[in-house]
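**Q** Take this structure, written in structure tokens, and hold onto it; I'll ask about it next.
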Amino acid sequence: MQQQALRDFAQAMARFFAGTHRRPRWRKAGVHEGFRIVGRRGGQWDVRRLSRKVGEVRIPKVGWVRFRWSRDVPDEARSFRVNRDRAGRWHVCFAVIPPPVEGPGTGAVVGVDRGVAVSAALSTGELSSVPGLRDSEAERLGRLQRRLARAQRGSNRRRRIKTAIARLKARQTDRRKDWVEKTSTDLARRFDLIRVEDLKIGAMVRSARGTIAAPGVNVRAKTGLNRSIHAAGWGHLAIRLEHKAAGRVEKINPAYTSQTCHACGHCAADNRESQTVFRCRACGHVDHADVNAAKNIAAGRAVTCLPRPTDPDRPPVRGALQPLGGALNREPQPVLSSA
Ligand SMILES: [Zn+2]
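One point on numbering: in numbering that gives the first Met the number 0, the residue at position 264 of the sequence shown is 263, and numbering is uninterrupted.
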């Protein structure tokens, strides 16, 4: 097991120096608890099923350890990992690369838009949200966190509160993960081409808005936090989609997709009447705001929205896109990395 940790570390450093991955992070106690066993099944390790719900795995130097049999272990598994998560739950997972999900073969295209109120809006009009904590659960979480602040460091009571908080948060992440897996499989099965927003561009816009460019209109810290939590779920959805529907996912520049009318192409900020309602000022087209954006994404072309020349008093919108892509009036940015 220790040898494997060293090999994994060597691999991580090799990838870091090759420039494909970032520098490995330090392990953290209580968070990254686990180990990996690699080898021939039946040799170094083995796994067998005892009953419908119980299986056991033979771990070197440990012996047979029972676990809850939640799904079959494929024969081609060459390694497995034993983890202990923050909430103190132990897991064992056997590593295999699953075959990609087959599309329907009909050429169906879908656009997916992420929103703040609705996690994912499809161009078909479907809305789906990540289930978070219920009100009573969120309330309990807040209470526990206040208690944690009063608990003496190193005390048993503090440890108990910490595990209670971890269990509650685990419930939240479990739900998010479940939603991501179900949604990505569903999309990969039903559509041949899935168009999503390019997250990187969105993230850059956000960081510029929040820090350097305009500190005056800094969004409240809480909004930013909510968004970043939200973005985490979205990032996972995009990643899992690319795993399951390899080669069938297209990333679209999300600029102005929420302000542009899908019916006539009119682009204006006041097209968006409220958080949920989109009403076009030019043609009167009405739609759910996130669904309208999803339809623009499904159309696949990047939307450009240049300031109208008839309005000389208004300064051009910061970061307005040129037809060729780059922003014309963006502040010169210091080069942060040469990569
Ligand atoms: Zn319109």
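We put the beta carbon where it would ideally sit given N, CA and C, even for glycine.
Using the three-state DSSP reduction, which class does Trp178 fall into: helix, strand or coil?
**A** It is helical.
**Q** Just the C-alpha distance for Ala148 and Arg24, rounded to the nearest angstrom, thanks.
**A** Ala148 and Arg24: Cα-Cα distance of roughly 28 Å.
**Q** Could you tell me whether the Cβ atoms of Val129 and Trp178 are closer together than 7 Å?
**A** Yes, these two residues count as a Cβ contact at 7 Å.
**Q** Taking the C-alpha atoms as reference points, what is the distance between Thr123 and Asp112?
**A** Using only the alpha carbons, I get a separation of about 11 Å.
**Q** Going by the beta-carbon positions, is the gap between Val91 and Val81 smaller than 7 Å?
**A** Cβ distance < 7 Å, so Val91 and Val81 count as in contact.
**Q** Can you tell me whether Phe8 is helix, strand or coil according to DSSP?
**A** Phe8: helix per DSSP, three-state reduction.
**Q** Specify the secondary structure class of Asp289 as computed by DSSP and reduced to three states.
**A** In the structure shown, Asp289 sits in a helix (DSSP, three-state: H, G or I).
**Q** Taking the CB atoms as reference points, tell me whether His284 and Ala268 lie closer together than 7 Å.
**A** Not in contact: His284 and Ala268 (Cβ atoms no closer than 7 Å).
**Q** Does at least one heavy atom of ligand 1 sit under 6 Å from the Cβ of Ala288?
**A** Ala288: no, Cβ never under 6 Å from ligand 1.
**Q** So the candidates are Arg65, Gln171, Ala76, Arg70; which of them puts its Cα closest to the Cα of Trp89?
**A** Out of Arg65, Gln171, Ala76, Arg70, Arg65 has the C-alpha closest to the C-alpha of Trp89.
**Q** Cα separation between Arg271 and Glu249?
**A** Using only the alpha carbons, I get a separation of about 26 Å.
**Q** Which of the three DSSP states, helix, strand or coil, is assigned to Ala94?
**A** DSSP places Ala94 in strand when its eight states are reduced to three.
**Q** Does the beta-carbon of His242, which I'm using as the reference point, lie nearer than 6 Å to any heavy atom of ligand 1?
**A** It does not: the Cβ of His242 is nowhere closer than 6 Å to a heavy atom of ligand 1.
**Q** If you check the beta carbons only, do Thr259 and Cys266 fall under 7 Å apart?
**A** For Thr259 and Cys266, yes; Cβs fall inside 7 Å.
**Q** Whose beta carbon lies closer than 6 Å to any heavy atom of ligand 1, going through the chain in order?
**A** Going along the chain, the residues that qualify are Cys260, Ala262, Cys263, His265, Cys279, Ala281, Cys282, His284.
**Q** Given Gly38, which residues of its chain have a CB within under 7 Å of its CB, disregarding the five upstream and five downstream residues?
**A** Same-chain partners within the cutoff: Trp44.
**Q** If we count the other Cβ atoms within 10 Å of its Cβ and call it buried at 16 or more, is Asp134 buried or exposed?
**A** So Asp134 counts as exposed.
**Q** Beta strand (DSSP E) containing Arg65: first to last residue?
**A** Per DSSP, Arg65 belongs to the beta strand (DSSP E) from 62-67.
**Q** Could you pull the start and end residues of the alpha helix (DSSP H) that Asp149 belongs to?
**A** It is worth fixing the name first, because residue 149 is Arg in this sequence and not Asp. Segment 134-149, the alpha helix (DSSP H) holding Arg149.
**Q** Considering Cα atoms alone, identify which of Phe8, Ile296, Ser127, Asp74 is closest to Arg194.
**A** Closest option to Arg194, Cα to Cα, is Ile296.
**Q** Under the assumption that Val100 contacts Lys294 (Cβ atoms under 8 Å), give the Cβ distance between them as a whole number of angstroms.
**A** Actually they do not touch by this definition, with Cβ atoms about 24 Å apart.
**Q** What do you get for Arg219, buried or exposed, if any count of 16 or more other CB atoms within 10 angstroms of its CB means buried?
**A** Low confidence applies to Arg219: its pLDDT is 49, below 50, so where it sits in the model is not reliable, and the reading given next is rough at best. Classification for Arg219: exposed.
**Q** On the premise that Gly104 lies in contact with Asp191, defined as a C-beta separation below 8 Å, what is that separation, rounded to the nearest angstrom?
**A** Going by Cβ atoms, the distance from Asp191 to Gly104 rounds to 7 Å, so yes, they are a contact pair.
**Q** When you compare only the Cα positions, how much space is there between Thr184 and Arg247?
**A** Those two C-alpha atoms are separated by around 13 Å.
**Q** State the DSSP-derived secondary structure class of Gly232, mapped to helix, strand or coil.
**A** Reduced to three states, the DSSP call for Gly232 is helix.
**Q** Rounded to a whole number of angstroms, what is the C-alpha to C-alpha distance between Ile160 and Arg280?
**A** Approximately 53 Å between the Cα atoms of the pair.
**Q** Between Arg175 and the rest of its own chain, which residues show a CB-CB distance below 6 Å, the 5 nearest in sequence each way excluded?
**A** Closer than 6 Å at the Cβ level, and outside the excluded window around Arg175, lie Val129, Gly232.
**Q** In whole angstroms, what is the alpha-carbon distance linking Lys168 and Gly264?
**A** The straight-line gap from Cα to Cα measures roughly 43 Å.
**Q** Quick one: what's got a C-beta closer than 6 Å to Met0's C-beta in the same chain, skipping five residues either side?
**A** Taken in chain order, the residues that qualify are Phe34.
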